[in-house]
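Here the protein sequences line up with chains G and C, keeping their order.
167 is the number of the first residue of the first sequence in this note's numbering; add one for each residue after it.
1225 is the number of the first residue of the second sequence in this note's numbering; add one for each residue after it.
Note that the Cβ used here is the ideal one computed from N, Cα and C, for glycine as well.
Here's the structure, in structure tokens; my notes come after.
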Amino acid sequence: MVEENKAHLTVFDGKKPFDPNFTRIRTVQNIKHILFPSRDIVARFPNDRDLRPKIQVIFGLKACDIRGIEVYDRVFLNNDPIDPFYKIRRENTLLIAADCPEPEPSCFCNIVGVKPFAEKIADIALAVVAKGFILEPLTPKGTAWVEEISSFLENTGPAQVNEREESRGRALKTLAKINEQALAPDLSQRVEKAGSQAIRQARDECVECFGCLHCCPTCYCFLLNDYGRGKEMERVRIWDACYYSAYARVGGGANPRGKFDKRFWNRFQCKFNYFLQYEKFYACSGCGRCGRGCSAKIDIRKILSQA
Amino acid sequence: MNPYYPIPIRIKKIIPETATIKTFILDGMPIKFDAGQFAELTVPGGGEAPFTPSGSPYADKMEFTIMKVGRVTEALFARKEGDLVGVRGPFGKAYPLHEYKGKDIFIVGGGVGFAPLRSLFLSLVHNIGDYKKIYVRYGARTPQDIVYKYLIPEWRKIDKVDILMTVDVGDPTWTGRVGVVTTILDVIPVDVKVAPTIVCGPPLMMKFTTQRLAQAGFAERNIYLSMEKNMVCGIGKCNHCRAGKYYCCKDGPVLTWDIVKDIEDPFL
């Protein structure tokens, strides 16, 4: 749904007219809660119960949100032990990514290694062309789904493929204009070695609202909280953020990141150094939500270019 | 398998160790672990926190020696024998005991930090023929703060075990050494070139002990340090226990000094 020229996430309910619009950039809302709810019951005690998954389709998500899912896949599926809650939702969710034809000034996917269209992870890549959509399956799940609806589909002709490629080329050019400067090739080392003076300067305007982390599609930190339910107990997984002062504090009171400067920089270490070391790509999607959601209008690009 | 689900088990016995430390013996061994690994202990209604077992991995009952310091431990201290708790794990890496074979082992503990070391000590004693000699150096604040007072005399009788203790501040009943734990590290009667040394204690004790051991000539990769971090999930996902690029829950909770020395303020 598009309102005030911005795309919004809506839940399809069958009663309202279905009027998707794929021309805008990623939705204002984060989509991560669909696979990783902000509040998720992960265990019951003493008797546990299984999660019954819903079958769901995320329709029209952009490549930046796909990068978020790629990060989650690495954390929750590719590293033992597998997270059963993420796994079951992921398996029961079809991802239909839409090309991003008109990147905006807040976008910077191109400098973190993301293109404005999906080439992997998503099950299907959708592109709007003059006479409808092009659906390109990217996974076996996507292929099966496209085959299932094949009676409604026509073969794509070369002219339409050309139209899509031209649109993609224009989007890439727009991004190259928005973000002329690439990230430093040794960014991870610069982040690792940043001095206290540079960190102080980077966080100077931060008002500690932590909106950047809660709207980030690659942030995955969580807490486990237990709640009594009569004689039983529910263990609830809730989103956490490394900017909270008690985040790393231990029972005895020691806190390795007691000072906000250290917590502020942990976000950069996590996304642009540690994650890169393990997974070989940045845990950043370039979606720009952190900047748009920031109370102080801090642009992460400025911090990265000065690191 | 749900990695967030704690296995329910009852508390069999509670032994008061000091004014703020108790040993909780559970009614069985809900998970199999090796010395060095930790578990998440759930107090229903009180929350969950990470602890390293203090008993032998070869025993039939799991034990934790715990100091009352925060929310979860306060809830735990209100529990009685027969009450239900939950255990998840084991998490993290065990001490590489196969690498210790044929060598002297130098263990240094401070305060309640002796709890996880007891699990290691009992593992070593279980196969004592594999090792040259086990040295234990233990410091507590006062004689009242010493844990396992009722066990130490028995351990002293074990062949190839050498135990030295000290307290920061003595009292009229105390006839032993007085001074911080580094004062009993002046003499290190092991071959520091090959021997492993294992340290666990409060942050300041860890800092100065590590300095002393490194200065004494122990190889950096032979100095094993227990990292106290806020392990929430235990499975390398939630990110709370990060120390530099390492997850204390997966790469630790025991890390060696060659790794720890590059982490900013490692003992905070």
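What residue range is occupied by the uninterrupted alpha helix (DSSP H) comprising residue i?
i, result
"arginine 255(G)", "250–257"
"threonine 305(G)", "Looking at the DSSP string, threonine 305(G) is not in any alpha helix (DSSP H), and its letter there is neither H nor E."
"asparagine 432(G)", "426–435"
"threonine 176(G)", "Premise fails: threonine 176(G) is in no alpha helix (DSSP H) and is neither H nor E."
"threonine 1297(C)", "1295–1301"
"isoleucine 1331(C)", "Element bounds for isoleucine 1331(C): not the alpha helix (DSSP H) but the beta strand (DSSP E), 1329–1334."
Can you name the residues of chain C whose CB is closer than 8 Å to the CB of residue i?
i, result
"arginine 415(G)", "Asn1454"
Taking residue i as the reference, which of the options has the closest Cα?
i, options, result
"serine 471(G)", "Phe376(G), Gly279(G), Ala348(G), Phe251(G)", "Ala348(G)"
"histidine 1489(C)", "Glu398(G), Lys425(G), Phe434(G)", "Just to set this straight, residue 1489(C) is aspartate in the shown sequence, not histidine. Taking only the C-alpha atoms, the option nearest aspartate 1489(C) is Lys425(G)."
"leucine 1346(C)", "Pro1314(C), Asp1251(C), Arg1380(C)", "Arg1380(C)"
"lysine 1485(C)", "Ala1443(C), Gly1458(C), Asn1463(C), Asn1454(C)", "Ala1443(C)"
"proline 1227(C)", "Ile1422(C), Asp1415(C), Leu1479(C), Cys1462(C)", "Cys1462(C)"
"aspartate 1369(C)", "Ile1255(C), Val1336(C), Ala1438(C), Ala1283(C)", "Val1336(C)"
"valine 1296(C)", "Phe211(G), Lys468(G), Ser362(G), Asp392(G)", "Asp392(G)"
"aspartate 1395(C)", "Gly1476(C), Asp1383(C), Ala1364(C)", "Ala1364(C)"
"glutamate 170(G)", "Gly180(G), Asn187(G), Lys181(G)", "Asn187(G)"
"lysine 397(G)", "Leu175(G), Phe211(G), Asp289(G)", "Phe211(G)"
"glycine 323(G)", "Glu302(G), Ala473(G), Ala449(G), Ile197(G)", "Glu302(G)"
"alanine 1283(C)", "His1350(C), Glu1452(C), Ala1302(C), Arg1234(C)", "His1350(C)"
"serine 1278(C)", "Ile1239(C), Ile1387(C), Thr1399(C)", "Ile1239(C)"
"tyrosine 1362(C)", "Asp1383(C), Tyr1324(C), Gly1403(C), Lys1325(C)", "Gly1403(C)"
"valine 1371(C)", "Lys1356(C), Asp1354(C), Leu1341(C)", "Leu1341(C)"
"arginine 356(G)", "Lys437(G), Arg401(G), Ser317(G)", "Lys437(G)"
"tyrosine 448(G)", "Val194(G), Lys172(G), Val237(G), Phe184(G)", "Val237(G)"
"valine 1456(C)", "Gly417(G), Cys381(G), Pro383(G)", "Gly417(G)"
"isoleucine 221(G)", "His199(G), Tyr252(G), Leu201(G), Thr259(G)", "Thr259(G)"
Strictly below 9 Å CB to CB, what residues from chain C border residue i?
i, result
"arginine 242(G)", "Residue identity differs from the one stated: residue 242(G) is phenylalanine in this sequence, not arginine. Going along chain C in sequence order, the residues near phenylalanine 242(G) (Cβ under 9 Å) are Lys1461."
"cysteine 408(G)", "Asn1463, His1464, Arg1466"
Starting from the beta carbon of residue i, find every residue of chain G whose beta carbon is closer than 8 Å, and list them in chain order.
i, result
"valine 1296(C)", "Gly417"
"glycine 1335(C)", "Near glycine 1335(C) there are no residues of chain G at all, since even the closest Cβ is about 10 Å away, more than 8 Å."
"asparagine 1226(C)", "Val208, Ala209, Asp214, Pro250"
"aspartate 1489(C)", "Pro422"
"cysteine 1457(C)", "Phe388, Leu390"
"valine 1293(C)", "Gly417, Gly418, Gly419"
"leucine 1492(C)", "Ala420, Asn421, Pro422, Gly424"
Just to make sure I have the definition right: I need the residues of chain G whose C-beta is within less than 9 Å of the C-beta of residue i. Which are they?
i, result
"tyrosine 1229(C)", "Val208, Ala209, Arg210, Phe211, Asp214, Arg401"
"arginine 1341(C)", "This sequence places leucine at residue 1341(C); arginine is not what is there. Here the premise fails: no neighbours, minimum Cβ distance about 17 Å."
Where DSSP assigns a beta bridge to residue i, which residues make up the other side?
i, result
"glycine 1425(C)", "Note: glycine 1425(C) sits in no beta bridge, so no partner."
"glycine 1274(C)", "Checking the displayed sequence, the identity of residue 1274(C) turns out to be proline instead of glycine. For proline 1274(C), which the question treats as bridged, DSSP gives the partners Glu1264(C)."
"serine 1450(C)", "Val1478(C)"
"threonine 1390(C)", "Gly1363(C), Arg1401(C)"
"aspartate 289(G)", "Answer is none; aspartate 289(G) lacks a bridge partner."
"tryptophan 405(G)", "Phe388(G)"
"isoleucine 1231(C)", "Val1311(C)"
"aspartate 206(G)", "Arg403(G)"
"lysine 1237(C)", "Ile1249(C)"
"isoleucine 1376(C)", "For isoleucine 1376(C), which the question treats as bridged, DSSP gives no partner whatsoever."
"alanine 264(G)", "Leu292(G)"
"phenylalanine 211(G)", "Met399(G)"
"tyrosine 440(G)", "DSSP, once it has assigned bridges, lists no residue as partnering tyrosine 440(G)."
"isoleucine 121(G)", "Missing from the structure shown is residue 121(G); chain G here goes from 167 to 473 and no further."
"glutamate 1287(C)", "Ile1249(C)"
"glycine 394(G)", "Met399(G)"
"glutamine 222(G)", "Thr259(G)"
"arginine 1466(C)", "Tyr1471(C)"
If you measure from the CB of residue i, is any heavy atom of the ligand MN nearer than 7 Å?
i, result
"tyrosine 413(G)", "For the ligand MN, the structure offers nothing, since it holds no ligand at all."
Counting along the chain, where does the beta strand (DSSP E) carrying residue i start and finish?
i, result
"valine 1371(C)", "Counting along the chain, valine 1371(C) falls outside any beta strand (DSSP E), and DSSP gives it neither H nor E."
"isoleucine 1249(C)", "1245–1250"
"isoleucine 1487(C)", "Run containing isoleucine 1487(C): none; DSSP gives neither H nor E here."
"phenylalanine 1345(C)", "Not the beta strand (DSSP E): phenylalanine 1345(C) falls in the alpha helix (DSSP H), residues 1338–1350."
"leucine 341(G)", "Counting along the chain, leucine 341(G) falls outside any beta strand (DSSP E), though it belongs to the alpha helix (DSSP H) covering 324–344."
Counting only Cβ pairs nearer than 7 Å, list the residues of chain G close to residue i.
i, result
"histidine 1272(C)", "Reading off the sequence, residue 1272(C) comes out as glutamate, not histidine. The contacting residues are Leu390, Asp392."
"glycine 1310(C)", "Phe211"
"proline 1320(C)", "Here the premise fails: no neighbours, minimum Cβ distance about 20 Å."
"proline 1268(C)", "Phe211, Met399"
"proline 1232(C)", "Phe211, Pro212"
"lysine 1431(C)", "None at all; the shortest Cβ gap to chain G is about 12 Å."
Check whether the segment 1246–1257 of chain C and the segment 395–412 of chain G touch, using three or more Cβ-Cβ pairs below 8 Å as the test. Verdict: no, contact absent.
Segment contact flag, the segment 1283–1300 of chain C with the segment 1312–1331 of chain C, C-beta cutoff 8 Å, min 3 pairs: Remark: fewer than three beta-carbon pairs, one from each stretch, lie closer than 8 Å, so the segment 1283–1300 of chain C and the segment 1312–1331 of chain C are not flagged as touching.
Taking 8 Å as the threshold, find out whether the segment 325–336 of chain G comes into contact with the segment 282–298 of chain G through three or more Cβ pairs. A contact between stretches requires three or more CB pairs, one per stretch, nearer than 8 Å, and the segment 325–336 of chain G meets this requirement with the segment 282–298 of chain G.
Name, going along the chain, the residues of the segment 242–259 of chain G whose beta-carbon falls closer than 7 Å to a beta-carbon of chain A. Among the chains of the structure shown, chain A does not appear; the protein chains present are G and C.
Is the segment 337–355 of chain G touching the segment 412–424 of chain G, taking contact as three or more C-beta pairs under 8 Å? Counting Cβ pairs under 8 Å, fewer than three are found: no touch.
Inter-stretch contact (C-beta, 8 Å, three-pair minimum) for the segment 1252–1270 of chain C and the segment 455–471 of chain G: In the pairwise beta carbon analysis, the segment 1252–1270 of chain C is classified as not touching the segment 455–471 of chain G: fewer than three pairs are separated by under 8 Å.
Under 8 Å, with one C-beta from each stretch per pair, do the segment 232–244 of chain G and the segment 271–290 of chain G reach the 3-pair mark? Flag = yes, the segment 232–244 of chain G and the segment 271–290 of chain G touch.
At least 3 beta-carbon pairs within less than 8 Å: the segment 454–461 of chain G vs the segment 1322–1338 of chain C: By the Cβ criterion, the segment 454–461 of chain G is not in contact with the segment 1322–1338 of chain C, since fewer than three pairs of Cβ atoms, one from each stretch, lie closer than 8 Å.
For the structure I just gave you, are there three or more beta carbon pairs, one from the segment 1417–1435 of chain C and one from the segment 1468–1475 of chain C, closer than 8 Å? Cβ pair count under 8 Å is below three, so no.
Is the number of C-beta pairs between the segment 192–200 of chain G and the segment 212–227 of chain G that are closer than 8 Å three or more? Of all C-beta pairs linking the segment 192–200 of chain G to the segment 212–227 of chain G, three or more are shorter than 8 Å, placing the two stretches in contact.
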